[in-house]
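For the record, the sequence lines run as chains A and B. Here the first sequence is numbered in full-length UniProt numbering, starting from 1 and rising by one per residue. Here the second sequence is numbered in full-length UniProt numbering, starting from 1 and rising by one per residue. Backbone N, C-alpha and C fix where the C-beta goes; we use that ideal spot for every residue, glycine too. On a predicted model such as this, the values are computed, not experimentally measured, just so you know. See below for the structure under consideration.
Protein chains: 2
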Amino acid sequence: MAGALRHDAMRAGNLAAVLGELDRTGPLTRAALAEATGLTKTTVSKLVAGLIDAGLAVESGAVRDGERGRPGTAVRLSGDRVAALGLEINVDYLSCCVVDLSRTVRLRRSRAADNRAAAPDRVIAGLRELATGALADAAALGLTVVGGTVALPGPVDRDTGTVHRAPNLGWRDVEVTGPLGLPVPVRAENEANLAALGELWFGAGPQLGDFLHVSGEIGIGAGLVVDGALFRGAHGFAGELGHVVVVPDGPACRCGGAGCLELYAGQDALLRPGGDLAALRDRLAAGDPVAVEGCERAGAALGVALAGAANLLDPETIVLGGIFAPLFHWVADPVRRELRDRLGQMRARVPAVVVSRTGAEAATLGGAGQVIRRVIAAPGDYLPQLVPPNNI
Amino acid sequence: MAGALRHDAMRAGNLAAVLGELDRTGPLTRAALAEATGLTKTTVSKLVAGLIDAGLAVESGAVRDGERGRPGTAVRLSGDRVAALGLEINVDYLSCCVVDLSRTVRLRRSRAADNRAAAPDRVIAGLRELATGALADAAALGLTVVGGTVALPGPVDRDTGTVHRAPNLGWRDVEVTGPLGLPVPVRAENEANLAALGELWFGAGPQLGDFLHVSGEIGIGAGLVVDGALFRGAHGFAGELGHVVVVPDGPACRCGGAGCLELYAGQDALLRPGGDLAALRDRLAAGDPVAVEGCERAGAALGVALAGAANLLDPETIVLGGIFAPLFHWVADPVRRELRDRLGQMRARVPAVVVSRTGAEAATLGGAGQVIRRVIAAPGDYLPQLVPPNNI
Numbered sequence: 001m002a003g004a005l006r007h008d009a010m011r012a013g014n015l016a017a018v019l020g021e022l023d024r025t026g027p028l029t030r031a032a033l034a035e036a037t038g039l040t041k042t043t044v045s046k047l048v049a050g051l052i053d054a055g056l057a058v059e060s061g062a063v064r065d066g067e068r069g070r071p072g073t074a075v076r077l078s079g080d081r082v083a084a085l086g087l088e089i090n091v092d093y094l095s096c097c098v099v100d101l102s103r104t105v106r107l108r109r110s111r112a113a114d115n116r117a118a119a120p121d122r123v124i125a126g127l128r129e130l131a132t133g134a135l136a137d138a139a140a141l142g143l144t145v146v147g148g149t150v151a152l153p154g155p156v157d158r159d160t161g162t163v164h165r166a167p168n169l170g171w172r173d174v175e176v177t178g179p180l181g182l183p184v185p186v187r188a189e190n191e192a193n194l195a196a197l198g199e200l201w202f203g204a205g206p207q208l209g210d211f212l213h214v215s216g217e218i219g220i221g222a223g224l225v226v227d228g229a230l231f232r233g234a235h236g237f238a239g240e241l242g243h244v245v246v247v248p249d250g251p252a253c254r255c256g257g258a259g260c261l262e263l264y265a266g267q268d269a270l271l272r273p274g275g276d277l278a279a280l281r282d283r284l285a286a287g288d289p290v291a292v293e294g295c296e297r298a299g300a301a302l303g304v305a306l307a308g309a310a311n312l313l314d315p316e317t318i319v320l321g322g323i324f325a326p327l328f329h330w331v332a333d334p335v336r337r338e339l340r341d342r343l344g345q346m347r348a349r350v351p352a353v354v355v356s357r358t359g360a361e362a363a364t365l366g367g368a369g370q371v372i373r374r375v376i377a378a379p380g381d382y383l384p385q386l387v388p389p390n391n392i
Numbered sequence: 001m002a003g004a005l006r007h008d009a010m011r012a013g014n015l016a017a018v019l020g021e022l023d024r025t026g027p028l029t030r031a032a033l034a035e036a037t038g039l040t041k042t043t044v045s046k047l048v049a050g051l052i053d054a055g056l057a058v059e060s061g062a063v064r065d066g067e068r069g070r071p072g073t074a075v076r077l078s079g080d081r082v083a084a085l086g087l088e089i090n091v092d093y094l095s096c097c098v099v100d101l102s103r104t105v106r107l108r109r110s111r112a113a114d115n116r117a118a119a120p121d122r123v124i125a126g127l128r129e130l131a132t133g134a135l136a137d138a139a140a141l142g143l144t145v146v147g148g149t150v151a152l153p154g155p156v157d158r159d160t161g162t163v164h165r166a167p168n169l170g171w172r173d174v175e176v177t178g179p180l181g182l183p184v185p186v187r188a189e190n191e192a193n194l195a196a197l198g199e200l201w202f203g204a205g206p207q208l209g210d211f212l213h214v215s216g217e218i219g220i221g222a223g224l225v226v227d228g229a230l231f232r233g234a235h236g237f238a239g240e241l242g243h244v245v246v247v248p249d250g251p252a253c254r255c256g257g258a259g260c261l262e263l264y265a266g267q268d269a270l271l272r273p274g275g276d277l278a279a280l281r282d283r284l285a286a287g288d289p290v291a292v293e294g295c296e297r298a299g300a301a302l303g304v305a306l307a308g309a310a311n312l313l314d315p316e317t318i319v320l321g322g323i324f325a326p327l328f329h330w331v332a333d334p335v336r337r338e339l340r341d342r343l344g345q346m347r348a349r350v351p352a353v354v355v356s357r358t359g360a361e362a363a364t365l366g367g368a369g370q371v372i373r374r375v376i377a378a379p380g381d382y383l384p385q386l387v388p389p390n391n392i
């Protein structure tokens with residue numbers, strides 16, 4: 001029995017080694033996989049057969065095998081079967097996406113919703129409806145969704161799937177994942193953390209070095225990626241950029257503090273009075289001085305807070321995401337000016353300021369990406385649900 | 001030859017395993033060391049003999065060996081031979097300490113100096129004099145100083161031993177370690193980083209969880225310790241708390257920015273006008289309302305910046321060090337108030353605010369401690385200089 005357990009653990013580790021190699025390197029022959037993992041060709045062939053049975057890998061035609069020039073049949077990650085769900089509850093919308101194992105986005109759904117006015121159970125019911133539709137559509141595409149992550153606009157207790165406080169929703173200690181009641185396991189995570197991971201995995205990530213990703217929404221969150229991993233802080237609450245103080249004696253903020261960045265550069269401040277993003281962009285494009293000046297002011301406040309963040313965190317790059325992505329042209333200059341003026345003399349280089357490539361989708365992509373990462377790190381955990389029992 | 005190299009590498013690894021075990025656990029018999037490291041008793045005995053020859057370990061009398069009750073001779077780290085030098089150049093003083101392998105502080109030297117007014121080579125010459133005296137005194141105690149670290153008040157390039165910019169000294173790109181010209185290898189590091197490590201290793205460290213250590217000097221730096229290691233940022237410049245903006249349109253700062261924390265809570269602001277720390281403490285003890293109000297104001301500014309830092313970094317504990325240690329009684333309350341008011345509604349717990357146990361010594365202790373850590377991690381690198389050649 002101990003021997004069988006050890007054998008299972010070894011097989012699980014080897015499956016992860018092979019799948020991880022396919023994920024990092026792309027299509028490889030079984031011989032190349034054996035060379036890369038140090039396993040025998042026989043072992044690799046068995047493992048690959050298991051991965052193919054489970055729909056995690058697929059044969060991808062003949063390739064030349066490195067310099068030896070012998071053509072062989074390559075194997076690659078399969079995007080045809082296994083997928084993950086990314087979900088988001090935000091202040092004025094609900095959204096979801098389905099991403100397959102090869103990290104292709106297969107479905108996107110989003111819905112405007114004034115969640116400020118709604119009770120948590122109504123909002124969660126709305127997300128359930130959206131997600132259930134997406135799961136049905138994914139099934140129709142032949143995809144098996146193995147799990148999901150829901151992005152929430154506040155500090156999250158990941159163990160219980162509870163958002164501790166979402167001041168812009170008026171929520172306090174609301175459990176989300178349980179009441180959501182989807183037929184796949186769902187975890188919860190802070191929106192800004194997931195958005196940073198979304199940009200890392202689906203956006204400009206690999207070229208950014210250590211970066212701070214700013215999620216401009218009604219609230220403003222940030223996620224710091226160091227060495228390809230999220231910096232979470234002692235309780236997972238790091239990156240609350242929106243509540244960094246920019247005017248100590250400023251007006252009260254919904255967080256209980258005063259003069260927080262979000263009052264000066266959050267979506268409500270940017271779109272005031274009563275406008276929407278499309279209208280603001282039209283006015284900006286037409287050169288409306290009130291609109292341009294509003295973005296200037298917001299960008300300057302954002303720059304002050306980011307200068308503080310750069311002093312404390314020293315990122316290589318700052319990525320402006322969420323609502324700051326479509327407004328990048330108008331907010332980036334004041335941000336860069338504040339960084340240069342406030343940091344330039346102390347440092348040889350101030351952080352580069354770039355636009356997010358994933359924009360408003362960042363958090364749902366990051367959420368789905370987290371599940372995909374988990375499958376690739378431990379495919380053995382998912383085999384039972386992917387392979388008919390007599391095939392394992 | 002390859003076999004000999006492999007044998008040397010293996011012996012170096014085993015020496016580190018044995019010395020590391022003594023460092024973590026305290027005095028142990030050779031039998032207990034064998035059990036802890038998985039090495040044979042014969043191998044352990046040879047390794048221990050080498051460590052004793054080099055003065056890194058010493059026999060420490062009979063102990064009962066765990067539950068088996070057989071008395072044996074224990075071995076422990078020796079503080080009698082190997083030591084490290086901690087050095088600091090700050091704006092108004094130079095200081096150094098010598099710490100032995102058992103982390104006992106053996107020597108302390110410091111000297112008031114107005115380094116704002118002096119050319120870098122004069123300041124470095126002053127530190128050389130102080131360090132040379134300390135090295136001579138250490139030698140007289142039978143100590144072999146194997147290396148040192150110099151703490152500098154600004155962002156440091158550790159590869160070249162250069163401080164990029166120390167605005168309070170008026171320095172820009174000054175190489176320190178080379179010109180210092182000591183007969184032992186010396187590295188340079190940012191003062192606030194070393195102070196955080198000093199508190200970790202010589203202060204309350206182990207009880208603090210992930211903590212942010214604040215070094216109140218003329219400038220205000222901070223060092224974040226996560227999982228027992230320093231968080232450095234992309235270029236090693238993280239933790240510049242003093243240049244976090246507390247009043248965006250405030251007066252110009254020597255860093256090139258404006259309204260930085262250091263203008264409101266740095267030593268110059270705290271001791272203004274023209275006083276020194278002892279005089280301020282006397283006035284505070286006598287209840288002088290101007291002095292008390294000054295600390296209130298500085299503490300409130302510090303609290304605003306620390307609320308921002310807590311939002312971004314989410315530490316378990318904030319440690320007030322440097323000049324904030326002797327003034328803790330008067331600055332801690334406004335700091336705690338700002339943290340509570342600005343963070344309390346968003347989080348179940350705000351960071352605890354505690355006083356540094358290492359105070360003004362933190363940076364030199366951290367610098368010496370860094371060298372001690374290096375010896376314990378790789379004792380094999382230091383054996384040649386500690387053991388006469390025919391003994392290795």
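Paired residues, beta bridge with residue i - DSSP
i      : result
F231/B : L224/B
D100/B : A83/B
E217/B : E217/B pairs with nothing; no bridge assigned.
E88/A  : S95/A, A151/A
G321/A : S215/A
W171/A : A166/A
Reference residue i, options the options, closest by Cα
i             : options                       : result
R165/B        : G299/B, L101/B, G154/B        : G154/B
L194/B        : V44/B, A229/B, L208/B, A269/B : A229/B
residue 431/A : Q267/B, G250/B, A332/B        : The question about residue 431/A has no answer, for chain A in this structure spans 1 to 392.
C255/A        : P248/A, H243/A, G266/A        : H243/A
L169/B        : L141/B, D137/B, R122/B        : R122/B
G321/B        : H213/B, T73/B, D288/B         : H213/B
Buried versus exposed, by CB contacts within 10 Å (16 or more), residue i
i      : result
H7/B   : exposed
M10/A  : exposed
M1/B   : Here the model assigns M1/B a pLDDT of 46, short of 50, so the residue's position is not dependable, and the following value carries that caveat. Exposed: under 16 other Cβ atoms inside 10 Å.
E293/A : exposed
A139/A : exposed
V375/A : buried
I392/A : Its pLDDT being 45, under 50, I392/A is placed unreliably in this model, and the value from its coordinates should be taken loosely. The residue in question, I392/A, is exposed, as its Cβ has fewer than 16 Cβ neighbours within 10 Å.
R272/A : exposed
N14/B  : buried
A377/B : exposed
A252/B : exposed
P334/B : buried
D100/A : buried
Minimum Cβ-Cβ distance from residue i to chain C less than 9 Å
i      : result
P155/A : Protein chains in the displayed structure are A and B, and chain C is not among them.
Practice prompt. Pair every Cβ in the region 170-187 of chain B with every Cβ in the region 136-151 of chain B, then say whether three or more of these pairs are closer than 8 Å.
Written response: yes
Discussion item. Across the region 338-354 of chain A and the region 274-291 of chain A, are there enough close Cβ pairs to call them in contact, namely three or more that are closer than 8 Å?
Written reply: no
Item to complete: Using a Cβ-Cβ cut-off of less than 9 Å, list which residues of the region 341-353 of chain A approach chain B; keep chain order.
Response: D341, R342, L343, G344, Q345, M346, R347, A348, R349, P351
Discussion item. Would the region 123-133 of chain B count as touching the region 85-95 of chain B if we require 3 or more Cβ pairs under 8 Å?
Written reply: yes
Worksheet item: Between the region 309-323 of chain B and chain A, which residues of the former have CB atoms less than 7 Å from a CB of the latter, in chain order?
Response: A309, N311, L312, L313, D314, P315, E316
Worksheet item: Between the region 38-49 of chain B and the region 328-336 of chain B, are three or more C-beta pairs nearer than 8 Å?
Response: no
Discussion item. Is it the case that the region 372-386 of chain B contacts the region 104-113 of chain B, given that we only count it when at least three CB pairs across the two stretches are under 8 Å?
Written reply: no
Worksheet item: Along the region 234-248 of chain B, what residues have a CB closer than 9 Å to any CB found in chain A?
Response: A234, H235, G236, F237, A238, G239, E240, L241, G242, H243, V244, V245, V246, V247, P248
Practice prompt. Taking a Cβ distance cut-off of 8 Å, strictly less, list which residues of the region 164-179 of chain A are near chain B, in chain order.
Written response: H164, R165, P167
Item to complete: Take every Cβ of the region 197-213 of chain B, pair it with every Cβ of the region 353-367 of chain B, and state whether three or more of those distances are shorter than 8 Å.
Response: yes
Discussion item. With three or more C-beta pairs closer than 8 Å as the rule, is the region 216-231 of chain A touching the region 201-210 of chain B?
Written reply: no
Practice prompt. Compile a chain-ordered list of the residues in the region 205-216 of chain A whose CB is closer than 7 Å to at least one CB of chain B.
Written response: G209, D210
Worksheet item: Is the region 261-271 of chain A touching the region 347-361 of chain B, taking contact as three or more C-beta pairs under 8 Å?
Response: no
Item to complete: Identify each residue in the region 276-296 of chain A for which the Cβ-Cβ distance to at least one residue of chain B is less than 8 Å, and report them in chain order.
Response: none
Item to complete: Residues of the region 94-114 of chain B with a CB closer than 9 Å to any CB of chain A: list them in chain order, please.
Response: none
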